[in-house]
Amino acid sequence: LDIVKDVPCYEDLFKYINWHDHAFTATAKLKMPTLILHYNDYETDFDGTLETLLEFLEQPLASDFTKEFIEGKSYEEEFFTEDERKAVKKATKILASDELWKELSRYFS
Numbered sequence: 060l061d062i063v064k065d066v067p068c069y070e071d072l073f074k075y076i077n078w079h080d081h082a083f084t085a086t087a088k089l090k091m092p093t094l095i096l097h098y099n100d101y102e103t104d105f106d107g108t109l110e111t112l113l114e115f116l117e118q119p120l121a122s123d124f125t126k127e128f129i130e131g132k133s134y135e136e137e138f139f140t141e142d143e144r145k146a147v148k149k150a151t152k153i154l155a156s157d158e159l160w161k162e163l164s165r166y167f168s
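This is the structure we're talking about:
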């Protein structure tokens, strides 16, 4: 398991990858409708992302939604070194399905 030797909390990375890979597999096998949202979608287009979510859920906006979205949250540089981030990227690219990597790769650019 050399690919995870430099990954902090590698067990959590395994759990994260496995959970999401299983979610992709299960929803495809069961032909369930899915919607993938990314945190930065809210940051770049909050109203459009909220509208997309509500349409997917077939729900109206229940009230005036005035909760403030705090932009720019990022913890990667506060908690992980550059080498650790590179190790996580390498391990994720190897361990994740192609479908999951397609969704996660944006966070490693």
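Under this note's numbering, the first residue of the sequence shown is numbered 60, with each subsequent residue one higher.
Note that beta-carbon positions come from the ideal geometry of N, C-alpha and C, so glycine has one too.
> From VAL66 to ASN99, what distance separates their C-alpha atoms?
Replying inline: 24 Å
>> Please state the DSSP three-state secondary structure of PHE139.
In response: coil
> Taking the alpha carbon of GLU135 as the point to measure from, which residue in MET91, VAL147, PHE128 has its own alpha carbon closest?
Replying inline: VAL147
>> Relative to the C-alpha of ILE129, which candidate in TRP78, THR103, ALA150, TYR69 has its C-alpha closest?
In response: Minimum Cα distance to ILE129 is reached at THR103.
> With 16 other CB atoms within 10 Å as the buried threshold, where does LEU120 fall?
Replying inline: exposed
> What do you reckon, are the CB atoms on ALA155 and ASP80 nearer than 8 Å?
Replying inline: yes
> Between which two residues does the alpha helix (DSSP H) carrying HIS79 extend?
Replying inline: 69–88
> How is VAL66 classed by DSSP in three states: helix, strand or coil?
Replying inline: coil
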